[in-house]
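Below is one structure, written out as structure tokens; the observations come after it.
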Amino acid sequence: MKEPLVVESIDSTNAELLRRLSSGENLHKTSIIAFEQTAGRGRTGRKFYSPKNTGVYFSFVYVPEQRLVDPALITASAAVGVCRSIGSLFNVNSGIKWVNDIYVNGKKVCGILVEGYVNPKTEKLESVVVGIGINISMDTSDLPQEYNLSNAGGIVPYGTAPLVMRELLAKECISRIYKILDDDENIMDEYRKRSIILGKDVTVRPLALDSENAPSYPARAVDITDDASLIVQLEDGSQKLLHSGEVTLKLD
């Protein structure tokens, strides 16, 4: 693994790697670790709260084999790698809210964003950028209102984690995720075991520009397939297959 570039602050670790990819750099297994993001972002373009001194924010480039080009499987691999890293360094159990959020003690502590880079000349997907933001220890008593942070929390209580743990955790996550991807490890059984939604009622929110034509609806999460899609049961008893790029979920 290449030694990560470590910076105090950046606009977005994902954005920086995508900029460098667009300039033609060969960045396979290049990573950036930051302790603050001024323009962090999550899925569907939402802002990602990335303050200093509370967590760590990092991204890395991976050039996938054809069998691993599915962003949902890369997201699932990253989620399992993060959970393993949290358990190893903090001895804390963590779970996964499909498809890209990590929870500890009922609070969201991590979000994952996978973005593909398409070469404009060849129009082919050449690499993916995996971005991860983790709250290690944060003060939840005074959070900014412009972010939806009602379920936010830290891995450990506020003020109990030394700052050195930020870089250690990021490097541990990157190393473990690379190993999962390089070994083509089948992590879906572990992903399902770590799921915090299976067997529970959820609200499905379609990702549509016209929400009136795609209203939210209740369902029960019943299974996750080997390609990281979600099977839900509707109120009429029928089942529906959901893909990560099409919907978001809210636990009821």
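First residue of the sequence shown: 16, per my numbering; consecutive thereafter.
Built from N, CA and C at the ideal position, the CB exists for glycine as well.
>> Short of 6 Å in beta carbon distance, which residues of its chain neighbour ALA176, apart from the five on each side in sequence? Order them along the chain.
In response: ILE151, SER152
> Straight-line CA distance for PRO233 to ILE48?
Replying inline: 38 Å
>> With H, G and I counted as helix, E and B as strand and the rest as coil, what does DSSP make of SER74?
In response: strand
> Hey, would you say ILE195 sits closer than 8 Å to GLY96, going by beta carbons?
Replying inline: yes
> Quick one: what's got a C-beta closer than 6 Å to ILE189's C-beta in the same chain, skipping five residues either side?
Replying inline: SER46, PHE75
> THR218 to GLU250, Cα distance in whole Å?
Replying inline: 12 Å
> Hey, is the region 62-74 in contact with the region 135-151, meaning 3+ C-beta pairs nearer than 8 Å?
Replying inline: yes
> Terminal residues of the continuous beta strand (DSSP E) containing ALA234?
Replying inline: 232-239
> Using the rule of at least 16 other Cβ atoms within 10 Å of the residue's Cβ for burial, across every protein chain shown, is LYS186 buried or exposed?
Replying inline: buried
> Which residues bound the alpha helix (DSSP H) around GLY268?
Replying inline: No statement about residue 268 is possible, as the shown extent of the chain runs from 16 to 267 and does not include it.
> What's the gap between the Cα of LYS67 and the Cα of ILE25?
Replying inline: 11 Å
> Grouping DSSP H, G and I as helix and E and B as strand, with all else coil, what is ASP197?
Replying inline: helix
> By how many angstroms is the C-alpha of LEU33 removed from the C-alpha of LEU184?
Replying inline: 23 Å
> Tell me the DSSP bridge mates of VAL124?
Replying inline: VAL124 is not bridged to any residue.
>> I'd like the span of the alpha helix (DSSP H) that includes SER286, first residue to last.
In response: The shown model of the chain, from 16 to 267, leaves out residue 286, and the question about it has no answer.
> Who are LYS265's beta bridge partners in DSSP?
Replying inline: THR218
> What do you get for PRO19, buried or exposed, if any count of 16 or more other CB atoms within 10 angstroms of its CB means buried?
Replying inline: buried
> Applying the criterion that 16 or more other CB atoms from any shown protein chain within 10 Å of the CB defines a buried residue, is GLN254 buried or exposed?
Replying inline: exposed
> Any idea if LYS112 is buried or exposed, counting beta-carbon neighbours within 10 angstroms, 16 or more meaning buried?
Replying inline: buried
>> I'd like the list of long-range same chain contacts for ALA91, defined as Cβ closer than 6 Å, with 5 residues on each side in sequence excluded.
In response: TYR206, ALA243
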